[in-house]
Each structure stands twice: as C-alpha cells, then as structure tokens.
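Q: Taken in order, these protein sequences are the chains called A and B.
220 is the number that the working numbering gives to position 223 of the first sequence; each next residue is one higher, with no gaps.
Take the position in the second sequence, starting the count at 1, then add 2; the result is the number in the working numbering.
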Amino acid sequence: MPTDSSFLDVDVWRSGAESFQNFQVPARDSQTVLDVVTWIQQHADPTLSYRFACRVGMCGSCAMMVNGKPRWTCRTHVKKVAKRGRIEIAPLRNLQVIKDLATDMSDFFDKWVAAEGVFHPTKTREDEIEAIRPDTPERISADAAVECINCGVCYAACDVVAANPAYLGPAALNRAWSLVNDLRDGALAERLEAVSHDGGCHNCHSHQSCAAYCPNSLNPTASIAGLKRETVKAAFRRGR
Amino acid sequence: MLDLRLYILQRVTALIMAPLVLGHIAVMIVAVRGGLSAEEILSRTQGSLLWAGFYGTFVLAASVHAAIGLRVVVFEYAKLKGLALSLFTWAVFLALLFMGTRAVFAVTAP
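1) Please list the terminal residues of the continuous beta strand (DSSP E) segment that includes L89 (chain B).
2) Under 6 Å Cβ to Cβ from Q38 (chain A), same chain only, skipping five residues before and after it: list those, please.
3) Interface residues of chain B around V229 (chain A) at Cβ under 8 Å?
4) Do you know how far the Cα of V158 (chain A) is from the Cα of P88 (chain A)?
5) Excluding five sequence neighbours on each side, which residues of the same chain lie with their C-beta closer than 8 Å to the C-beta of D101 (chain A)?
6) Use the C-beta contact count for I137 (chain A): other C-beta atoms within 10 angstroms, 16 or more gives buried, fewer gives exposed.
7) Looking at the C-beta of A280 (chain A), does it have a partner C-beta in chain B at a distance below 8 Å?
8) Taking only beta-carbon positions, decide if A160 (chain A) is within less than 8 Å of chain B.
9) By the three-class DSSP mapping on this structure, what secondary structure does D6 (chain A) have?
10) On a Cα-Cα basis, can you pick out the residue from A:A112, A:T73, A:S2 and A:V33 that is closest to D195 (chain A)?
11) Between which two residues does the beta strand (DSSP E) holding A87 (chain A) run?
12) Starting from the N-terminal side, write out each stretch of the alpha helix (DSSP H) that is 4 residues or longer and does not extend beyond the region 116 to 146 of chain A.
13) So the candidates are B:A20, B:S65 and B:L87; which of them puts its Cα closest to the Cα of G102 (chain B)?
14) Can you grab the Cα-Cα spacing for the pair M61 (chain A) / Y47 (chain A), in whole Å?
15) Using DSSP with H/G/I as helix, E/B as strand and the rest coil, what is Y62 (chain A)?
16) Grab me the residues of N178 (chain A)'s own chain with a C-beta within less than 6 Å of its C-beta, minus the 5 sequence neighbours each way, in chain order.
17) Which residues in the same chain as V94 (chain B) place their Cβ atom closer than 6 Å to its Cβ, once the five residues preceding and following it in sequence are excluded?
18) According to DSSP, simplified to helix, strand and coil, what is P212 (chain A)?
19) Once the 5 residues before and after T91 (chain B) are set aside, which same chain residues still bring their CB inside 8 Å of it?
20) Buried or exposed, going by whether 16 or more other CB atoms sit within 10 Å of the CB of G236 (chain A)?
21) What does H194 (chain A) reach in chain B if we use C-beta pairs closer than 9 Å?
22) So, helix, strand or coil for G13 (chain A), using DSSP?
23) Quick one: grab the DSSP three-state call for E78 (chain A).
24) When you compare the CB positions of L113 (chain B) and H199 (chain A), do they come within less than 8 Å of one another, or not?
25) To the nearest angstrom, how far is the alpha carbon of D156 (chain A) from that of T218 (chain A)?
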C-alpha cells in the first residue's frame, strides 16, 4: 500500500508470525537498506532482530534477501532496489533463521572447515619469512579469490545449496581454491580430498549465481572450476 | 551425491561421445544425400566390426553419461537418496545399455 514518495513501503520478515510485516519508513537521500532496517528497529519495533557490525562493507554481517535477491544491505542503496517505493526484506536463503532477519551461519562456517579452508603452515616462527612473488600464476589465482568477506550472499544465491544441503557451497570452495594456490600451504592433498566428497566441488552446475551476486565481484564458479580441474589431475596422477 | 569418480566418468563419457556424435551426423548426411535405402545401409553395417564398435562405444558412453545426469536430476528434484538413488542410477544405466545394445546388434549383426 504505497503512500506518498516521502515514505518507503517496507515488508520485513517476522519469524514469530511466519509472515511479512509492513512498515512505512521515511525516505532519505543516500539511504541504504540497512538504514531502513535500523530505522524500523529504532523507531517502529525494537523487537526486530537483525545482524550488522561495520556498516561499510567489510565485516560481511548484514547480508539479507532484498526483493528476493541476496545483498549486503549496508552497501545497497534503496534507490537501486526499491520498486515504486516498495522493498521486501527477508533473512538469507539456505540458512536456518534464528529470529526475524538474523540467520544461523553455523552450517556456512562449518563447511569452510570441512572444505579444509584452514591454512596449514609449512614453516615455523623461527624460519625466515617466505618471499612470495605477486606475479606467479598461483599467486594471481589466490589473489583473485582472497577478498571474500564471508557474508554468505553466494551461499544464499546458490541453487545447488538449496537442492543439496550437504553441498559445501561457493564461499567454502572459493576459500579452498585460494589455499590450493597458496605456495606456503602444506595440505594440498588433504584439501583436494576434502572437496571431492558427496557435497564437494563436483556438484556445482556452474549456474554462476554466486559470481552474479558476490558483492566483492569475486567469481567462486571459476574457483570451483579450478578445484574440479586439480582434483581430476590429482586422481589421474594417483592412478598412474 | 556426485563424487569425483562419478564426475570423471561423466566428463570422460562426454569426451568419448562428442566425436562419435559428429561422426554419426556426418554419416547420416552423407548417406541421405546419396539416396541410400535401408537395405543398402544394412548391407554396409551388417557384419561390420567397425560400425558395431562405433555405435557400441556410443551406447556404452551414453548409458553411463545419462545415468549419472539423471541421478543428479532425481536427487535434486525428487529428493531420492541412498540406496534408492543408487538403484535408480543402475536401472537407468542397464535399461539404456540393453536398449542401445539391442539396436546396435540389430543393425550390425551378420
């Protein structure tokens, strides 16, 4: 029910009622979706739960579904997403909801660990710092994947995660790929094994929703393609 | 659901099928353009180890490839899992292999 252009017509998911609740929010210049959610909590309903921290696109806490699409709400301007003054805000897809707009990210981060997204050092603090040339193909591939802020947007965008809850997902596999290319890491074989199970990289259909929605313009699909390539090469090497 | 072994099998069978499909289409175009009758085609294929090998390989590759592809589809859309999913995969593979082998046999048996 749009009123006048000085107000936004905002539908927000409420987990108690299992339905959307409508709020009329004053429209402002340079207003972000996170600003809208914050206004609702501070002026309309203090019981609204959501998650945020840095407000500048670094921490990856505030991702939500905005008009059905996963977005980092602190860097999403209302004028970019509002349709005739209307916005629908819901919790991230593919994750359990704790309350209202706050999701439980446990599955998401557990899968980072399951994909061996942990650095395994090959040197100790007594060793010299290893010089890494920035222009090697491995380092260029690692750099391309390394700017992930763990926001969960790609995980929410992924139709394979929706269809197969065991699937590790784009972020965890992207992290695994950055470590496969890290010359200082010593767990290549374990990592390739970890991403080759039932929920591993081979389940990716290359729809590229992760790349389309990643707020940092990363391309997890390309990282997953790299993992597929390396796991197959390793399997043929083992078979020889 | 789709592990490394099934992934490799599906990609390798795709690689095998690609040139065979092109060969099949090329032969079809050549055969039709020349106005060959069914008898004339059968006279060339019956007893031919080359054509039995060509289409036999295709049938085997297609059976494996399609069974794995359909396995993914029924898992994601029909939520089939575990033993039921394995049985479905094997059933599709064997059914396609049976029908395909029958067709190859009919055309190439002497």
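Positions of the beta carbon are idealized from the N, C-alpha and C atoms, including for glycine.
Owing to the predicted nature of the structure, the values given are computational and were not obtained by experimental measurement.
A: Let me lay it out:
1) Where L89 (chain B) is concerned, there is no enclosing beta strand (DSSP E), although the alpha helix (DSSP H) it sits in stretches over G84 to T110.
2) L45
3) L6, Y9, I10 and R13
4) Near 16 Å, if we compare the C-alpha coordinates of V158 (chain A) and P88 (chain A).
5) L92, Q93, V94 and I95
6) exposed
7) Here chain A covers residues -2 to 237 and nothing more, so residue 280 (chain A) does not appear.
8) yes
9) The answer is strand: DSSP assigns D6 (chain A) an E or B state.
10) A:A112
11) R83 to A87
12) 134 to 142
13) B:S65
14) 9 Å
15) A quick correction: the sequence has Met, not Tyr, at residue 62 (chain A). Looking at M62 (chain A) - three-state DSSP - the assignment turns out to be strand.
16) These residues qualify, in order along the chain: E135, S138 and A139.
17) A69 and L72
18) Correct three-state label for P212 (chain A): coil.
19) A69, I70, L72 and R73
20) exposed
21) Result: D5 and L6.
22) coil
23) Looking at the sequence itself, residue 78 (chain A) is Val, so the reference to Glu does not match. In the structure shown, V78 (chain A) falls within a helical segment according to DSSP collapsed to helix, strand and coil.
24) Because chain B in this structure spans residues 3 to 112, residue 113 (chain B) falls outside the shown range and cannot be described.
25) 13 Å
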